[in-house]
Amino acid sequence: MPDIITPNPQSKQRPDVTGSPFRTKGLITTKGWTLAGLVNKAPNFHPVNRVHCRDPGLIQTIRTHENSGTPLIIQGFHEHESWPTHLFTLDWLNEHGNPGASARNVRNWSDFDLPLSELISKLRATQVYANEIETERLYGKDAECPHEWATWLSTSNVLPGEVLPHGTHDYLNYLPVSFDVQTLMCYLGVGDTFTPFHKDLCSSSGQNLMCYTENGGSSFWFMTESSAAPAMAEYFHKINEELDFETHVVTLEELRRSKLNIYIAEQQLGDLVLVPPRSCHQVINNGGITMKTSWSRMTLKGLTNSLYHELPIYHRVCRPETYKVKLNIYRAL
0 MPDIITPNPQ SKQRPDVTGS PFRTKGLITT KGWTLAGLVN KAPNFHPVNR
50 VHCRDPGLIQ TIRTHENSGT PLIIQGFHEH ESWPTHLFTL DWLNEHGNPG
100 ASARNVRNWS DFDLPLSELI SKLRATQVYA NEIETERLYG KDAECPHEWA
150 TWLSTSNVLP GEVLPHGTHD YLNYLPVSFD VQTLMCYLGV GDTFTPFHKD
200 LCSSSGQNLM CYTENGGSSF WFMTESSAAP AMAEYFHKIN EELDFETHVV
250 TLEELRRSKL NIYIAEQQLG DLVLVPPRSC HQVINNGGIT MKTSWSRMTL
300 KGLTNSLYHE LPIYHRVCRP ETYKVKLNIY RAL
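Numbering that gives the first Met the number 0 puts the sequence shown at residues 0 to 332.
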């Protein structure tokens with residue numbers, strides 16, 4: 000099954016770094032995808048390692064993957080007796096969350112605001128696979144998480160303390176209150192919506208928890224290891240793209256031809272994806288609705304990499320820094 004439908008050959012408009020709408024170059028579809036099938040498509044494709052949340056060696060496994068710069072999935076959180084099933088539903092979010100939502104129409108990459116209730120209704124009415132004649136397929140993105148979710152994350156003792164937002168290993172804690180950054184976000188997707196290939200901001204470490212699904216919803220992740228960032232940026236230039244513009248959805252064939260190690264995962268309910276700093280990655284939702292919460296942490300190594308590697312790139316592509324890296328280093332010292 001092809002991973003991308005042939006785009007309109009007249010659609011050549013380049014996006015600008017301000018995020019103006021533009022026509023997508025092709026229609027991504029996960030129809031026919033399985034994790035095993037994807038991994039078998041190329042010798043440089045590998046499954047992401049998994050560890051259960053109750054594994055006695057969990058903390059050491061996390062540290063090993065952080066040191067190696069490879070992604071990891073911690074699974075089984077939804078089986079924990081303290082998993083908040085009553086909080087992690089669309090109906091609860093609709094009733095208690097922010098009444099407004101921000102969405103992207105992935106068919107033309109336009110961003111706009113709409114009521115959360117309307118977004119949920121549209122998602123539930125959307126077919127799970129994209130087709131060439133549709134004009135709208137919405138992805139709810141960058142929504143502020145309800146404070147009840149944040150409280151559960153920080154007080155339930157379900158997730159390891161080392162990966163929590165504003166935990167003891169998060170250098171963002173050293174920023175002054177006036178420069179505090181909100182990294183805890185909520186995402187609502189349906190099949191064949193996506194986040195283009197990108198890196199997390201300023202060499203931060205990413206965490207993404209699948210909180211709720213409907214009708215077998217899941218998400219396919221494609222990730223590189225941290226050390227591959229320069230090589231992937233160079234490969235993007237060879238295919239006339241700019242990695243740090245975050246405007247290109249890579250195809251399976253492009254990933255195969257990169258010859259870089261690509262780690263693939265299918266994220267399901269209760270899976271926490273750990274994205275290493277500078278990992279180039281792309282997420283494509285599959286099947287029914289998925290509801291995820293994500294946040295970023297900043298490690299000492301992340302600050303160092305950001306200062307010497309990421310900030311020069313941001314200056315070149317005229318991208319805002321957001322996390323105030325130099326101030327963060329100063330305050331940490």
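Ideal Cβ placement from N, Cα and C applies to all residues, glycine included.
Note that this is a predicted model, so its numbers are computed, not measured.
**Asked** Would the beta-carbon of Ala228 fall within 8 Å of that of Arg296?
**Response** no
**Prompt:** Touching or not, the region 149–156 and the region 190–206, by the rule of three or more beta carbon pairs under 8 Å?
**Reply:** no
**Request:** Report all residues from its chain with a CB closer than 7 Å to the CB of Glu135; omit the five preceding and five following residues, and keep chain order.
**Result:** Asn104, Arg106
**Selected residue, minimal CA-CA separation from Leu259, among Pro164, Gln267, Val248, Cys279** = Cys279
**Prompt:** Pairing CB atoms from the region 88–102 with CB atoms from the region 162–179, are three or more of them under 8 Å?
**Reply:** no
**Request:** Throw me the rounded Cβ distance for the Thr292 and Leu171 pair, which I believe falls under 8 Å.
**Result:** That belief does not hold up - the Cβ atoms of Thr292 and Leu171 are roughly 17 Å apart, past 8 Å.
**Request:** Return the residue from the list Pro83, Leu71, Ala41, Tyr307 that minimises the CA-CA distance to Glu147.
**Result:** Pro83
**Request:** Label Lys198 either buried or exposed according to how many other C-beta atoms from any shown protein chain fall within 10 Å of its C-beta, with 16 as the threshold for buried.
**Result:** buried
**Request:** Taking only the alpha-carbon atoms, compute the straight-line gap between Val50 and His64 and give it to the nearest angstrom.
**Result:** 11 Å
**Prompt:** Could you give the uninterrupted runs of the beta strand (DSSP E) lying entirely in the region 16–69, keeping only those of 3 residues or more?
**Reply:** 44–46, 48–51
**Item:** Residue from Tyr138, Gly286, Lys323, Tyr262 whose Cα sits closest to the Cα of Leu37
**Value:** Tyr262
**Request:** Answer yes or no: do Thr298 and His168 have a C-beta to C-beta separation smaller than 8 Å?
**Result:** yes
**Request:** Spatial neighbours of Tyr313 within its chain, please: CB distance less than 7 Å, with the 5 preceding and 5 following residues excluded, ordered by chain position.
**Result:** Glu320
**Asked** Are there 16 or more other CB atoms within 10 angstroms of the CB of Asp15, so buried, or fewer, so exposed?
**Response** Because the pLDDT at Asp15 is just 40, under 50, the model does not fix this residue reliably, and the value given afterwards should be weighed accordingly. So Asp15 ends up on the exposed side.
**Message:** Please give me, in chain order, every unbroken run of the alpha helix (DSSP H) with length at least 4 that falls completely inside the region 134–174.
**Reply:** 146–154
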